[in-house]
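Numbering (our numbering), first residue to last: 25 to 273. In what follows, a structure is listed as structure tokens, so that the remarks can point back to it.
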Amino acid sequence: MEWQAPAIVLDVRRHGENDAVATLLSEAEGRHRGLVRGGQGRRQVATWQVGNLVAARWTGRLDEQLGQFTAELVHPSAALVLDAALALALLAAACAVAEGALPEREAHPRVFAGLFRLLAGIAAPERAIVDLVRWEADLLADLGYGLDLRCCAVSGAVDDLAFVSPRTGRAVSRAAASPWAERLLPLPAFLRDAAAPAGASDWRDGLRLTGHFLARNGFGARHRPLPPARLSLYDRIATLAAPLDRPES
Numbered sequence: 025m026e027w028q029a030p031a032i033v034l035d036v037r038r039h040g041e042n043d044a045v046a047t048l049l050s051e052a053e054g055r056h057r058g059l060v061r062g063g064q065g066r067r068q069v070a071t072w073q074v075g076n077l078v079a080a081r082w083t084g085r086l087d088e089q090l091g092q093f094t095a096e097l098v099h100p101s102a103a104l105v106l107d108a109a110l111a112l113a114l115l116a117a118a119c120a121v122a123e124g125a126l127p128e129r130e131a132h133p134r135v136f137a138g139l140f141r142l143l144a145g146i147a148a149p150e151r152a153i154v155d156l157v158r159w160e161a162d163l164l165a166d167l168g169y170g171l172d173l174r175c176c177a178v179s180g181a182v183d184d185l186a187f188v189s190p191r192t193g194r195a196v197s198r199a200a201a202s203p204w205a206e207r208l209l210p211l212p213a214f215l216r217d218a219a220a221p222a223g224a225s226d227w228r229d230g231l232r233l234t235g236h237f238l239a240r241n242g243f244g245a246r247h248r249p250l251p252p253a254r255l256s257l258y259d260r261i262a263t264l265a266a267p268l269d270r271p272e273s
């Protein structure tokens, strides 16, 4: 058995003294694990960094076996953001979510394409955060847990949708939400309008929204918590947003 494809490195774990077990995401093969001979050695370690795009080749005697990976580096995403803390946190969070939420060996081409675009623009983290939230919403939809942001679940209105029910994932207008707004999740405008401006508070609200449903459905369905890298990213963005939430004296 064999396949070759462009792939994104999602996770790399040491195996023995010099080898590694890598998890890649490709368009047709989905999330796929394999042994990398010498993956921790000097000649290959730069290739096998989380977030990198590689030209991968997987071989195995049987399809269900772990098999082996070889790869050539195509785009060194990880090295390009080593000195950019926010971009590096975004990269780590996105790859950890894909590695933990996607079923193994199940194709999700939209998720792959979205992660590819996100990583290609990771050097501009202010835009990449918005892309990450949208990508997480697409991932939830691919897993069967899509958010319904078309109209208000209470009134049917399509304007001024400002909240999402944490139970149903459906949007709620500002007017309909007023009696119980504190129980709902804020809906950042950029999830409905690609041209809407977004700042740190919007980033935080977006990460909180998709994070809630990832924790409950994407990871909760597999009895796993959200990855530490995703939790850390939310905390970082919440810290950025906190001064903006304080009333002016």
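Glycine is no exception: its CB is placed at the ideal position from the N, C-alpha and C atoms.
Query - Start-to-end residues for the alpha helix (DSSP H) that takes in Phe136 - result: Position 112 of the sequence shown, counted from the start, is the residue given in the question as residue 136. Where Phe136 is concerned, the enclosing alpha helix (DSSP H) stretches over Pro133 to Ala144.
Query raised in the report: Helix, strand or coil for Asp217 per DSSP?
Result: Numbered from 1 along the sequence shown, position 193 holds the residue referred to as residue 217. If DSSP states are grouped into helix, strand and coil, Asp217 belongs with coil.
**Report entry** Straight-line gap, Glu26 to Thr83 (C-alpha atoms, nearest Å)
**Finding:** Numbered from its first residue, the sequence shown carries residue 26 at position 2. Numbered from its first residue, the sequence shown carries residue 83 at position 59. C-alpha separation (whole angstroms): 4 Å.
**Report entry** Candidates Pro149, Arg55 and Gly168, of which the one nearest Ala245 by Cα
**Finding:** Here the question's residue 245 lines up with position 221 in the sequence shown. Nearest option by C-alpha distance: Gly168.
Report task. Can you say whether Val182 is buried or exposed, counting buried as having 16 or more other CB atoms within 10 angstroms of its CB? Result -> Position 158 of the sequence shown, counting from 1, holds the residue named residue 182. Val182 is exposed by the Cβ-count criterion.
**Report entry** Within the region 183-228, ranges of the beta strand (DSSP E) (whole runs, at least 3 residues)
**Finding:** 185-188 and 195-197
Requested in this report: Evaluate Pro203 with the Cβ neighbour count: other Cβ atoms within 10 Å of its Cβ, from every protein chain shown; 16 or more gives buried, anything less gives exposed.
Outcome: Walking along the sequence shown from the start, residue 203 turns up at place 179. It is exposed - the Cβ of Pro203 has fewer than 16 other Cβ atoms within 10 Å.
Report task. Could you name the residues of the same chain whose beta carbon sits closer than 7 Å to that of Ser256, not counting the 5 residues immediately before and after it, in chain order? Result -> Here residue 256 corresponds to residue number 232 of the sequence shown, with the count starting at 1. Ala113, listed in sequence order.
Query raised in the report: Which residue from Ala109, Thr47, Ala111 and Ser101 puts its Cα closest to that of Ala80?
Result: Here residue 80 refers to the residue found at position 56 of the sequence shown. The option with the nearest alpha carbon to Ala80 is Thr47.
Query raised in the report: So what's Ser179 in DSSP terms, helix, strand or just coil?
Result: Position 155 of the sequence shown holds residue 179. Coil.
Query raised in the report: Around the C-beta of Arg151, are 16 or more other C-beta atoms found within 10 angstroms, so that it is buried, or is it exposed?
Result: Along the sequence shown, one-based indexing puts residue 151 at 127. With fewer than 16 other Cβ atoms within 10 Å, it is exposed.
Query raised in the report: Does the region 137-146 come within contact of the region 168-178, defined as at least 3 CB pairs closer than 8 Å?
Result: no
Query raised in the report: From Gly223, Leu49, His236 and Leu86, pick the residue whose C-alpha is nearest to that of Val74; which is it?
Result: Within the sequence shown, residue 74 is the residue found at index 50, counting from 1. Cα-wise, what sits closest to Val74 is Leu49.
Query raised in the report: What is the residue span of the beta strand (DSSP E) that Arg57 lies within?
Result: The sequence position of residue 57 within the sequence shown is 33, counting from 1. It spans Gly54 to Val60 - the beta strand (DSSP E) in which Arg57 sits, taken as one unbroken run.
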